[in-house]
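One point on numbering: in our numbering, the residue at position 137 of the sequence shown is 133, and numbering is uninterrupted.
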Amino acid sequence: MIGTQTPGVAEGSLVVDDDRVIDPGLFRNILGHFPTGVVAVTAIAADGQPVGMAVGSFTSVSLEPPLVAFLPDKSSTTFPKILAAQRFCANVLGNDQRHVCRSLSRKGEDKFADVDWIPTPSGMPRILGSLAWIDCEIDAVHHAGDHYIVVGRVHHLELDTPESPLIFFQGGYGGFAATETST
């Protein structure tokens, strides 16, 4: 049974089935070897203030219709505000925007105090200096373990600057430069 504690299994280990146990630390360590881009998911809360969160779990889903997804932690205090807005903007952060990632990762403070933004066509915060922005309406929310899978229908998008993206890899941040292009 998934998520149950089994006698003889270390506390905090996840039992996948009767024969296999996945240690959460090992799971995080192994998956930390997969580099991910960093996106700032932003919205306007019910009180009219900007809200946002930095996420490393963002992906394209479909071309027809155009869909994207991000995966917020169920313990997030920001995601309920984004969900209530029913819209969001995914801002693809550049390597020079680590300060934006740090600002949006803070708890309980004005996350936008040091973040410059303008509204998208739907009014969501478009962070200035981002590589690209994708303005979406929430299409579906699925439960997935300790996270949600949030699917957004794309309404507007734009590439602002084709620079090096901010990458999260093995617990740290860096940039990326292609050495060759696919043809």
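For each residue, glycine too, the CB sits at the ideal point set by N, CA and C. Owing to the predicted nature of the structure, the values given are computational and were not obtained by experimental measurement.
- Message: Using a Cβ-Cβ cutoff of less than 6 Å, which residues in the same chain neighbour Met114 once the five nearest sequence positions on both sides are dropped?
- Response: Position 118 of the sequence shown holds residue 114. According to the sequence provided, residue 114 is Ile. The question's Met does not apply to it. Cβ within range, chain order: Arg122.
Quiz item: How about Pro161: is its Cβ closer than 7 Å to a heavy atom in the ligand ATP?
Solution: In the structure shown, the ligand ATP is absent, as is every other ligand, since no ligand is present at all.
- Query: So what does DSSP say about Val137, is it helix, strand or coil?
  - Reply: Against the sequence shown, residue 137 aligns to sequence position 141. Correct three-state label for Val137: strand.
Does the distance from the CB of Leu89 to the CB of Pro161 come in under 8 Å?
-> Here residue 89 is taken as the residue at index 93 of the sequence shown, counted from 1. Here residue 161 is taken as the residue at index 165 of the sequence shown, counted from 1. Taking 8 Å as the Cβ cut-off, Leu89 and Pro161 qualify as a contacting pair.
Q: Output the distance between the C-alpha atoms of Asn25 and Gly168, rounded to the nearest integer angstrom.
A: Within the sequence shown, the letter at position 29 stands for residue 25. Within the sequence shown, the letter at position 172 stands for residue 168. Cα to Cα, the separation comes out at about 12 Å.
**Prompt:** Do you know how far the Cα of His95 is from the Cα of Pro117?
**Reply:** Walking along the sequence shown from the start, residue 117 turns up at place 121. Walking along the sequence shown from the start, residue 95 turns up at place 99. Spanning the two alpha carbons is a distance of roughly 25 Å.
| query | Helix, strand or coil for Phe75 per DSSP? | reply | Numbered from 1 along the sequence shown, position 79 holds the residue referred to as residue 75. In the structure shown, Phe75 sits in a helix (DSSP, three-state: H, G or I).
Next item on the list: Label Leu127 either buried or exposed according to how many other C-beta atoms from any shown protein chain fall within 10 Å of its C-beta, with 16 as the threshold for buried.
Entry: Numbered from its first residue, the sequence shown carries residue 127 at position 131. Buried, because 16 or more other Cβ atoms sit within 10 Å of the Cβ of Leu127.
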